[in-house]
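Chemist: Please see the structure below; I have some questions.
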Amino acid sequence: MFLMNMRDEFMIPRRWFSIVLAVAGVAGLHAWAQALPDAGSIRQQIEPSRAHTLPPAAPPQRAAPPPEIKPPVGMTVQVKAFRLEGNTLLSSEQLRATLNAFVGRDLGFEGLQSAADAVTAAYREAGWIVRTYLPEQDISEGTITLHVLEARFGGVRFEGESSARLKRSEVLAFVQRQQATGMPLAANALDRALLLLDDLPGVSVAGTLLSGRAEGDIDLSVQTTDEPFVYGDIGLDNTGARSTGSQRLTANLNINSLAGRGDLLSLNTLHTRGIDYVRLAHTVPYGHNGLRLGVSASNMQYKLVEGSESILALQIQGRSSSLGLDWNYPLVRSRLQNLYFSGGLEKKGFSSTNRNSSPADPKSASDYETDSLRLALSANRFDDWGGGGANSASLQMLWGHLTAMQAHSQFDTLERAYRKLGYSLSRQQTITDNLSLLLSLQGQQAGQVLDSSEKFFIGGASSVRAYPVSELGGERGQTMSAEWRWRLPPDWVLSAFVDHGRVVSLPTTLSDPISRLALRGHGLSANWQGPKGRNAKLIWSRRDGRHPAPTSNGADSDGTLKINRWWFTASLPF
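So the mapping is simple: my numbering equals the position in the sequence shown, first residue as 1, plus 38.
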């Protein structure tokens, strides 16, 4: 009997999300200029990157051991050659190369069984499920016969009650799309089918391989468990910009499989003293090979609520909205490595006003639209090098076009057609059971002067943590961090980290120089991961060196000068 348990925790796929929004007040300023927060930079704080969330490693497959055969005690034979029977998926020449190490040796039954196991391992490496055994035979001449029983897929059995979230016909369609009945059983194909099913919102899917009705047939026993129809979380943090309210309240609501076929309806909201934001998205599976299609809409209104008297007197406010179509497809979906291709089309409209300026002033308002196309690859891989580790990488290309709805000086320095490349790399290396090292890099490259919504910013709780949110920005940039993590069972993770970020701002005129600026910091954090998904995190960070481009009074861009900076986040699921 063959046995394989398959379970992979579902993580909601989330798409790569690129937003281009309006500039309020003075826009297009260089990294060294202390620009006012605008709709573009504010939107980046809310949606830094809606990247697809890569799944974790799945448990390794397990096969039931074959029935134990009792050999004669002390019997050995000098092996001269091996004869193979039943092999069609791998040639005898391929398998004899595996068996060469056993030829010319005196072997007992355990040694011969090791040779059979080597053949099974060669099939497993090629992705096939087989059983290799020693049939009854005369071995006095030294020629050993090994029989290979290549498994065929017999079909699907269902265990337990039917799922209210996923029809059994959908389960059958996913499995048959990867593994046809009556064909040789490919472990990777069946793994992909079960993992894709388990990725569907609203249901947990596990599979077990059992002996079928005919010799060599293997059936898949499927168990489906419904997950909550409605779930979400409420969060509180201080990771917002001071100018629009650093205290943020978030609420997220998800409805699983509303149509009974693995779709997901999501509502995301955020509120601060100066921001109200809402986003609605719906994704559905298309076909039975992992492709998901989605549509989304969002709206944001903001105003500056904190700063100097002269800034507040301007009464700067704005709004933006977006409509998007996106897709996500798993090119590779397996237990230890995954590769996703995603993309999207998005149209944005946005405007901003300075209420204390004359309507005739061309700097008092801006109104424009953008259209963009995004293509991305994201991957992860798990290995056992040096105690084990997890690797992730992403590459994203975006092409955009800006259309001004009215004349405004901010558009004079911006390219109407633009493109940019984003990338990220990370590795979490296991040192001991409770100690690991996380190394990460992310960055952006662009050849044109960009609107603030497309610039690369450093500073804030998710970047160089010793500085305010979006402290410096430019067309190009990188952030790097190294973080030691200590896990204190059962609920705590303590970390010590160093951050480094740099930005390059392109000139808007031929006489302007290229600006290159960098920020550095270090710090500590404590993360509590409680029961039922509850979590809270506290971060302390301290800057290294001086600010390369402070304001005229020596402060940071938000008007503060904090050598030690604190961040906190908390989330309560429901």
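Ideal placement from N, C-alpha and C gives every residue a C-beta, glycine not left out.
Everything numeric in this text was worked out from a predicted model, so none of it was measured.
1. Within 10 angstroms of the Cβ of ILE496, are there 16 or more other Cβ atoms? Answer buried if so, exposed if not.
2. Check whether the Cβ of ASP176 lies closer than 9 Å to any Cβ atom in chain D.
3. When the Cα atoms are used, what is the spatial distance from SER533 to LEU477?
4. Just how far apart, CA to CA, sit GLN214 and GLY165?
5. Counting only the same chain and skipping the five closest in sequence on each side, list residues whose C-beta sits under 8 Å from that of GLY180.
6. Given a cut-off of 9 Å on the beta-carbon distance, is the pair LEU473 and TRP437 in contact?
7. Using three-state DSSP, classify ASN573 as helix, strand or coil.
8. Could you tell me whether the Cβ atoms of GLY220 and ARG251 are closer together than 9 Å?
9. Out of GLN516, SER372, SER207 and LEU555, point me to the one whose CA is closest to GLY300's CA.
10. Could you round the C-beta distance between THR310 and ARG286 to whole angstroms and report it? I think they count as a contact, below 8 Å.
11. Just to confirm the assignment: which complete beta strand (DSSP E) runs, minimum length 3, are found wholly within the segment 141 to 224?
12. With DSSP run on the structure shown, which of helix, strand or coil describes GLU253?
13. Might you give, ordered along the chain, the residues of its own chain that have their beta carbon closer than 8 Å to the beta carbon of GLN355, omitting 5 neighbours on each side?
14. Pick out whichever of GLN467, ARG162, GLU85 and VAL186 has its Cα sitting closest to the Cα of LEU122.
15. By DSSP, does LEU228 sit in helix, in strand, or in coil?
16. Can you name, in chain order, every residue of its own chain whose Cβ lies under 8 Å from the Cβ of PHE612, other than the five neighbours on each side?
17. When you compare the segment 592 to 611 with the segment 568 to 581, are there three or more beta-carbon pairs, one atom per stretch, that lie closer than 8 Å?
18. From ALA211 to ALA154, what distance separates their C-alpha atoms?
19. For the segment 303 to 318 against the segment 277 to 293, do three or more pairs of beta-carbon atoms, one drawn from each stretch, fall closer than 8 Å, so that the two count as touching?
20. When you compare each of ASP264, LEU488, HIS538 and GLU265 to SER79 by their alpha carbons, which one comes out closest?
21. So for LEU555, helix, strand or coil by DSSP?
22. Just list the residues that DSSP pairs ARG580 with in beta bridges.
23. Is it true that the CB of TYR456 sits closer than 9 Å to the CB of GLN486?
24. Using only the alpha-carbon positions, how far apart do GLY198 and LEU247 sit?
25. Would you kindly check if the distance between the Cβ of ASN418 and the Cβ of LEU92 is under 9 Å?
26. Going by DSSP in three states, SER390 sits in which element: helix, strand or coil?
27. Around the C-beta of TYR315, are 16 or more other C-beta atoms found within 10 angstroms, so that it is buried, or is it exposed?
28. What did DSSP end up calling GLY515 once you bin it into helix, strand or coil?
29. Let me know if LEU137 comes out buried or exposed under the rule of 16 or more other beta-carbons within 10 Å of its beta-carbon.
30. Can you tell me which of LEU557, PRO551 and VAL507 puts its alpha carbon nearest to the alpha carbon of GLY515?
31. Kindly list the residues whose CB is nearer than 7 Å to the CB of PHE379, restricted to its own chain and excluding five residues on each side of it in sequence; keep chain order.
32. Roughly how far, in whole angstroms, is the beta-carbon of SER360 from the beta-carbon of ALA335, given that I think they are within contact range, below 8 Å?
33. Sorted by chain position, which residues of the same chain lie with C-beta nearer than 7 Å to LYS600's C-beta, five sequence neighbours on each side aside?
34. So, helix, strand or coil for LEU235, using DSSP?
35. Mark PRO266 as exposed unless 16 or more other C-beta atoms lie within 10 angstroms of its C-beta, in which case mark it buried.
36. Is it true that the CB of GLN216 sits closer than 9 Å to the CB of LEU223?
Modeler: So, from the data block:
1. By the C-beta density criterion, ILE496 is buried, having at least 16 other C-beta atoms within 10 angstroms.
2. Note that chain D does not occur in the displayed structure, where there is just one protein chain.
3. It is roughly 13 Å from the alpha-carbon of SER533 to the alpha-carbon of LEU477.
4. If you take the alpha carbons of GLN214 and GLY165, they lie about 17 Å apart.
5. Cβ neighbours of GLY180 within its own chain (closer than 8 Å, five residues either side excluded): VAL115, GLN116, VAL117, LYS118 and ALA119.
6. It is not a contact, given that the beta carbons lie outside the stated cut-off.
7. Residue state, collapsed to three classes: strand.
8. Result no, Cβ atoms of GLY220 and ARG251 do not sit closer than 9 Å.
9. Minimum Cα-Cα distance from GLY300 among the listed residues GLN516, SER372, SER207 and LEU555 corresponds to SER207.
10. Indeed, because the Cβ distance is near 5 Å, the residues count as touching under 8 Å.
11. Every unbroken stretch of the beta strand (DSSP E) spanning 3 or more residues and falling wholly within the segment 141 to 224 is given here in chain order: 144 to 146, 168 to 171, 181 to 188 and 190 to 197.
12. Coil at GLU253, not helix or strand.
13. Closer than 8 Å at the Cβ level, and outside the excluded window around GLN355, lie ALA62, GLN339, TYR340, LYS341, LEU342, SER390, THR391 and ARG393.
14. With distances taken between Cα atoms, LEU122 lies closest to VAL186.
15. It is helical.
16. If the five residues before and after PHE612 are omitted, its C-beta is found closer than 8 Å to the C-beta atoms of TYR269, GLY270, ASP271 and ILE272, all from its own chain and listed in chain order.
17. Yes, the segment 592 to 611 touches the segment 568 to 581.
18. Each residue's Cα considered, the two are about 35 Å apart.
19. Per the Cβ contact rule, the segment 303 to 318 is in contact with the segment 277 to 293 (3 or more Cβ pairs under 8 Å).
20. Ranked by how close their Cα comes to the Cα of SER79, the residues ASP264, LEU488, HIS538 and GLU265 have LEU488 in first place.
21. The answer is strand: DSSP assigns LEU555 an E or B state.
22. In the DSSP output, where bridge partners are listed per residue, ARG580 has HIS560 and ASN602.
23. In this structure, GLN486 lies near TYR456, with their beta-carbon atoms less than 9 Å apart.
24. Spanning the two alpha carbons is a distance of roughly 16 Å.
25. Taking 9 Å as the cut-off, the Cβ atoms of LEU92 and ASN418 count as close.
26. It is a strand residue.
27. That one is buried.
28. DSSP places GLY515 in strand when its eight states are reduced to three.
29. Result: buried.
30. The shortest Cα separation from GLY515 among LEU557, PRO551 and VAL507 belongs to LEU557.
31. These residues qualify, in order along the chain: TYR367, LEU369 and LEU415.
32. The beta carbons of SER360 and ALA335 sit about 7 Å from each other, so the pair counts as a contact at 8 Å.
33. Excluding positions up to five away in sequence, the list is empty.
34. Reduced to three states, the DSSP call for LEU235 is helix.
35. Burial call: exposed.
36. At least 9 Å separates the beta-carbon of LEU223 from that of GLN216.
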